[in-house]
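K.L.:
Have a look at the structure that comes next, please.
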Amino acid sequence: MIIAIAGGGSTFTPGIVKSIALRKDELGVDEIRLYDINKERQDKVAVVVKWILDEELHSGIKLTVTNDKKEAYTDASFVFAQMRVGLYAMRESDEKIPLKHGCVGQETCGCGGLAYGMRTIFPMIELIDDVEKYAKNDYWILNYSNPASIVSEACNKLRPNARIINICDMPIAIIDLVAAALEIKDKKNIVYDYFGLNHFGWFTNIEYKGESIMEPLKAYIKEHEILLPASYLKGKESLTSTSNNTNRHAKGSWYYVWKGVYEILENFPEYIPNTYLNYYLQSKEFVEHSNVEYTRANEVMNSREKNLFDGIDNYLKTGKIDEKVFYAGSHGDWIADLAIALKNDTKARFLVIVENKGALPNMPYDAMVEVPAYIGKDGPEVISQKPIPLFQQGLMMQQLNSEKLLVEGCIEGSYEKVLQSFTLNKTVPSMTVAKAILDDMIEANKGFWPELK
Ligand code: NAD
Ligand code: G6P
Ligand code: MN
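Quick note on numbering: the sequence shown equals residues 19 to 471 in our numbering.
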């Protein structure tokens with residue numbers, strides 16, 4: 019059984035490979051193939067991947083590292099997709115251009131997310147076509163290449179029959195921190211209901227061993243004025259740490275979104291918001307505490323990316339590796355667990371991004387929504403949710419239509435539709451500002467975006 023990882027040079031590759039190897043019996047995996055268009059980057063990452071498979075875990079899993087699609091995908095059962103088109107340099111541009119115009123500058127939200135979407139749609143379609151051509155007939159692509167919301171919308175529109183499931187680790191990262199805050203050790207006993215678009219949703223209920231923990235959780239957040247475990251707040255050093263040692267979602271500028279969960283709940287106490295809603299509900303405040311010279315892309319380049327590549331160089335010099343140079347944790351675990359559910363038909367429950375088809379009764383049938391589902395060999399069996407209240411539904415429709423216009427504009431090469439997409443986005447105050455950002459982004463994305471007329 020072969021698992022191919024597209025975007026093999028990703029900073030997350032070592033952690034994901036470790037999660038796969040730790041589950042090798044349940045997955046029945048014989049070979050892992052890394053595929054990337056950037057040979058130099060992937061070859062470096064492969065050094066630590068090989069160390070994990072051979073030296074650390076003695077896994078017996080064969081490793082193939084390639085820049086050839088045919089070699090990567092032939093007879094693969096799973097393809098894990100994690101491409102970052104344009105690398106962190108373009109993430110930096112996505113974050114900084116809107117900020118220069120006084121708007122939210124974020125990797126997947128607002129104009130930054132729209133720009134990243136324009137770069138990623140066609141490479142993802144190419145990936146689907148390559149996998150269709152070479153992989154096993156019953157392949158599954160697990161895609162978490164961002165911006166997952168726009169990518170999933172485009173893939174559903176252009177390749178509706180592809181065997182692809184789009185996923186996001188943010189809700190599980192939130193649940194990890196909820197468990198830590200409430201001192202719940204066995205987080206496997208936590209079950210939640212959720213509705214939204216990707217990076218745009220709400221937990222309507224969270225249960226532990228069959229009992230709702232919404233009230234104790236809300237009380238915790240109110241008391242601490244933040245959704246972070248008390249252990250993280252002590253001394254606050256973990257919040258500013260650049261090591262890979264602590265939960266990556268609780269470091270650096272992530273701090274503000276955990277604080278924002280408290281601030282949102284003070285006004286709208288019914289549901290627990292996904293942290294990403296801060297960029298839309300507190301856009302002005304986000305811009306105020308941002309530093310246009312040093313954004314999250316800079317934080318990541320100076321921590322996760324630097325730690326990994328410095329650690330690899332050090333290993334090549336000294337033969338010693340410190341496992342903390344790479345990030346391992348829930349992110350890889352949950353992707354590997356999802357593959358187990360598909361392969362072994364376990365019907366385990368996961369949150370996935372799928373075509374709505376009535377699961378959220380008052381959202382369009384063809385919207386790509388994020389909802390819980392039971393996962394078996396034929397894919398997700400979605401768990402329908404109640405109708406969405408007007409406030410959340412209005413926000414979601416605005417975001418959905420902004421993203422749909424982006425996808426249509428990208429496919430048709432339509433400047434007007436892309437400008438409508440930017441103008442409609444809640445993070446943008448006016449048409450004129452939308453146009454200024456878009457025009458700067460067209461310059462910055464030359465060679466990545468399709469031409470807009
Ligand atoms: P990274 O830049 O370290 O790695 C991305 C890799 O993708 C690079 O090696 C790059 O060369 C490669 N790549 C670019 N275009 C490609 C193409 N067309 N085909 C194959 N490979 C290509 O980035 P990272 O921070 O490690 O993140 C990797 C991806 O995972 C990003 O898209 C990121 O947004 C995503 N991610 C998603 C979630 C989620 O919740 N969905 C969580 C974490 C990361
Ligand atoms: C969360 C989101 C991902 C996003 C990541 C960014 O995990 O769910 O979609 O890619 O955060 O994290 P970073 O550490 O790169 O800022
Ligand atoms: Mn995500």
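For every residue, glycine included, the Cβ atom is placed at its ideal position computed from N, Cα and C.
Please identify the residue among 212, 133, 40, 329 whose C-alpha is closest to the C-alpha of residue 225.
P.N.:
The residue with the shortest Cα to Cα distance from residue 225 is 212.
K.L.:
With distances taken from CA atoms, which of 59, 20, 289 is nearest residue 324?
P.N.:
Selected option, being the one with the closest Cα: 59.
K.L.:
Does DSSP put residue 116 in a helix, a strand or coil?
P.N.:
Helix.
K.L.:
Counting along the chain, where does the beta strand (DSSP E) carrying residue 225 start and finish?
P.N.:
Note, residue 225: beta strand (DSSP E), 218-226.
K.L.:
In this structure, how does DSSP classify residue 359 when only helix, strand and coil are distinguished?
P.N.:
Three-state result, residue 359: helix.
K.L.:
According to the Cβ coordinates, are residue 98 and residue 157 closer than 9 Å?
P.N.:
Result no, Cβ atoms of residue 98 and residue 157 do not sit closer than 9 Å.
K.L.:
Measure the alpha-carbon distance for residue 462 versus residue 266 and round it to whole angstroms.
P.N.:
Their backbone Cα atoms lie some 29 Å apart in a straight line.
K.L.:
For residue 59, is the beta carbon positioned less than 8 Å from some heavy atom of the ligand NAD?
P.N.:
Yes, Cβ of residue 59 sits closer than 8 Å to a heavy atom of the ligand NAD.
K.L.:
Measuring only the C-alpha atoms, how far is residue 71 from residue 404?
P.N.:
One C-alpha to the other measures close to 45 Å.
K.L.:
Less than 8 Å between the CB of residue 265 and some heavy atom of the ligand MN, yes or no?
P.N.:
Flag unset: Cβ of residue 265 not near the ligand MN.
K.L.:
Using a C-beta cutoff of 9 Å, does residue 442 count as contacting chain B?
P.N.:
Given the protein chain composition of this structure (a single chain), no chain B is represented.
K.L.:
Under three-state DSSP, which class holds residue 134?
P.N.:
Residue state, collapsed to three classes: helix.
K.L.:
At which residues does the alpha helix (DSSP H) containing residue 204 begin and terminate?
P.N.:
Note, residue 204: premise wrong, no alpha helix (DSSP H); not H, not E.
K.L.:
Closer than 8 Å to a non-hydrogen atom of the ligand NAD - does that hold for the CB of residue 173?
P.N.:
For the ligand NAD, not one heavy atom lies less than 8 Å from the Cβ of residue 173.
K.L.:
I'd like to check one pair, residue 354 with residue 34: are the Cβ atoms closer than 9 Å?
P.N.:
In this structure, residue 354 lies closer than 9 Å to residue 34 by Cβ.
K.L.:
Going by DSSP, name the residue or residues bridged to residue 184.
P.N.:
Answer is 161, 371.
K.L.:
Please classify residue 328 as buried or exposed, where buried requires at least 16 other C-beta atoms within 10 Å of its C-beta.
P.N.:
Exposed, because fewer than 16 other Cβ atoms sit within 10 Å of the Cβ of residue 328.
K.L.:
Can you pull the DSSP bridge partners for residue 388?
P.N.:
DSSP, once it has assigned bridges, lists 214, 371 as partnering residue 388.
K.L.:
Give the range of the alpha helix (DSSP H) segment to which residue 58 is assigned.
P.N.:
Its alpha helix (DSSP H) spans residues 57-68.
K.L.:
From residue 160 to residue 134, what does the alpha carbon distance come to, in whole angstroms?
P.N.:
Distance between the alpha carbons of residue 160 and residue 134: 19 Å.
K.L.:
So what does DSSP say about residue 230, is it helix, strand or coil?
P.N.:
If DSSP states are grouped into helix, strand and coil, residue 230 belongs with the strands.
K.L.:
DSSP three-state call for residue 31: helix, strand or coil?
P.N.:
Helix, per DSSP.
K.L.:
Can you tell me whether residue 421 is buried or exposed? The criterion is at least 16 other CB atoms within 10 Å of its CB, across all chains shown.
P.N.:
Buried: at least 16 other Cβ atoms inside 10 Å.
K.L.:
Between which two residues does the beta strand (DSSP E) harbouring residue 82 extend?
P.N.:
Element bounds for residue 82: 80-84.
K.L.:
Suppose contacts are defined by Cβ-Cβ distances below 9 Å. Is residue 45 in contact with residue 55 by that definition?
P.N.:
No, Cβ-Cβ distance for residue 45 and residue 55 is not below 9 Å.
K.L.:
Can you list every residue whose CB sits closer than 5 Å to some heavy atom of the ligand MN, going in chain order?
P.N.:
Qualifying residues come out as 186, 188.
K.L.:
Please go through the same chain and pick out, in chain order, the residues whose beta-carbon is closer than 7 Å to the beta-carbon of residue 437, but skip the five residues on each side of it.
P.N.:
Around residue 437: 452, 453, 456.
K.L.:
CA-CA distance, residue 90 and residue 65?
P.N.:
Their backbone Cα atoms lie some 18 Å apart in a straight line.
K.L.:
Near residue 126, which residues of its chain fall below 6 Å by C-beta distance, leaving aside the five closest residues on each side in sequence?
P.N.:
164, 165, 217, listed in sequence order.
K.L.:
Out of 110, 197, 201, 285, state which residue places its alpha-carbon closest to the alpha-carbon of residue 409.
P.N.:
The shortest Cα separation from residue 409 among 110, 197, 201, 285 belongs to 285.
K.L.:
So who's on the other strand from residue 49, going by DSSP bridges?
P.N.:
According to DSSP, which records beta bridges pairwise, residue 49 is partnered with 20, 80.
K.L.:
Taking only the alpha-carbon atoms, compute the straight-line gap between residue 444 and residue 79 and give it to the nearest angstrom.
P.N.:
About 47 Å.
K.L.:
Whole angstroms is fine: what's the gap from residue 168's alpha carbon to residue 440's?
P.N.:
Approximately 13 Å between the Cα atoms of the pair.
K.L.:
With a threshold of 8 Å, establish whether the CB of residue 194 neighbours any heavy atom of the ligand NAD.
P.N.:
Checking the Cβ of residue 194 against the ligand NAD gives no.
K.L.:
Return the first residue and the last residue of the alpha helix (DSSP H) that residue 99 is part of.
P.N.:
Careful: residue 99 lies outside any alpha helix (DSSP H), inside the beta strand (DSSP E) at 96-99.
K.L.:
Consult DSSP for residue 397 and reduce its assignment to one of helix, strand or coil.
P.N.:
DSSP places residue 397 in strand when its eight states are reduced to three.
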